[in-house]
Amino acid sequence: MLDSAKSGRMEIETRNKEDVLIRILPVLNDAFMLRKAPQLVVGCYMLCVVLANKASLEDHVLDNLMEAVTGSWTQTNFVSGITCLSVLSQQKHEKSLPSKVVKAVLRLDNVIEVFEELSGRYAVTGLIIGLIRSCVQENGKRSDPARIPFVGQLIQRAILSDSETIEALTILLQAFSDLQRQGLVADGMGKQLSDLLLQFNESDTLAPLLRKAIENAGVDITQLEMTLETVLQADIMPMEIEDADLLDFISSSQTQDAFAVALEPLSQAAIRSHLS
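Heads up: the sequence shown begins at 1 in the UniProt record's numbering, then just goes up one per residue.
Encoded structure:
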């Protein structure tokens, strides 16, 4: 249906796809509500993957789909839901995730172990980075104190590559710097981030990456050391990224394979549900 909506003129193709989505999305949302039909729900996850890869959805539509996914999953099918979320998050321009999605992920049992298992087979990095970014954006009396420990586990479990870990640490440093300017590092999220950065600085593995992240974040290292009341490690990261073309090639190859790979666990889940 989406393929048939394609046209030589961009504005016509866009209008055709919007017409298709207007017909599909309400039905999809209704199907997500049928939580006692797990096979149907997994089928909806597969349809979301197809939509994300073929329809060039806007961020607010992707956010709505992600909220629908997290609102439909159970402890028996949430792994398929996580895989679906990873595909949806890759298509977003704004990498932060809806608050409802973050809360739903944090409520899952053993979700860190699930990310560890999936990371070796599927592209979950975009989802993880989005979760980290979203967890440090909310600050206030109602902010969930479980968010920063969750972020710490994601980084410490070595789920991310070195370059991805540097990206995650850069996000933390920028958030901490913002809180620092507001004088909000003595308690709440600021105190949690302070403790977490100190913990990372004591890690033989993470300290060199933290130093690189400080450079990327443009943070005043002297001011940071004064706030943290410590001396940050000055080790130079042993691995320097020199061949950008190679990295671009690898990234391009992974993107081309993402669609087919993402459908695999969902198809297997649908088969298992049918057999049971």
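Think of the CB as a built atom: it goes at the ideal place given N, C-alpha and C, for glycine as much as any other residue.
Close Cβ partners of Glu164 (< 6 Å) along its chain, the five nearest in sequence each way excluded
Hits under 6 Å: Thr125.
Quick one: residues in its chain with C-beta nearer than 8 Å to the C-beta of Leu193, no 5 flanking neighbours on either side, listed in chain order?
Result list for Leu193: Val136, Ile148, Leu172, Ala175, Phe176, Leu179, Val185, in chain order.
Compute the beta-carbon to beta-carbon distance between Arg157 and Glu116, rounded to the nearest angstrom, for a pair I have assumed lies under 8 Å.
The pair is a contact, with the Cβ atoms about 6 Å apart (cut-off 8 Å).
Skipping 5 residues on each side, what residues in its chain have a beta carbon closer than 7 Å to that of Glu167?
In chain order, Ile129 place their CB closer than 7 Å to the CB of Glu167, counting only its own chain and leaving out the 5 sequence neighbours on each side.
Where does the unbroken alpha helix (DSSP H) through Thr227 begin, and where does it stop?
Per DSSP, Thr227 is one residue of the alpha helix (DSSP H) stretching across 221-228.
Considering only residues of the same chain and omitting the five flanking positions on each side of Cys48, which have a CB-CB separation below 7 Å?
Taken in chain order, the residues that qualify are Leu65, Val69, Cys84, Leu88.
How would you label Asp30, buried or exposed, when you count the other beta carbons within 10 angstroms and need 16 or more for buried?
Exposed.
Thinking C-alpha only, which one of Glu113, Ser72, Lys92 is nearest Lys100?
Ranked by how close their Cα comes to the Cα of Lys100, the residues Glu113, Ser72, Lys92 have Ser72 in first place.
When burial is assigned at 16 or more other CB atoms within 10 Å of the CB, is Met226 buried or exposed?
Result: exposed.
Which first and last residues belong to the alpha helix (DSSP H) in which Met66 is found?
59-72 is the extent of the alpha helix (DSSP H) around Met66.
What did DSSP end up calling Thr170 once you bin it into helix, strand or coil?
In the structure shown, Thr170 adopts helical secondary structure according to DSSP, grouped into three states.
Ile22 burial status per 10 Å Cβ neighbour count (16 or more: buried)
Counting C-beta atoms within 10 angstroms of its own C-beta, Ile22 has fewer than 16 neighbours from the protein chains shown and is therefore classed as exposed.
DSSP three-state label for Glu202, please.
Three-state DSSP puts Glu202 in coil, outside helix and strand.
Ends of the alpha helix (DSSP H) at Thr125?
Start and end: 125-135.
Less than 8 Å between the beta carbons of Leu108 and Ala146, yes or no?
Going by C-beta atoms, Leu108 is not nearer than 8 Å to Ala146.
Quick check: Val102 and Ser80, are their CB atoms within less than 8 Å of each other?
Contact flag unset, no.
Contained alpha helix (DSSP H) runs [length at least 4] in the stretch 141-196, N- to C-terminal order:
The DSSP assignment places complete alpha helix (DSSP H) segments of no fewer than 4 residues inside the stretch 141-196 at 147-156, 162-181, in order along the chain.
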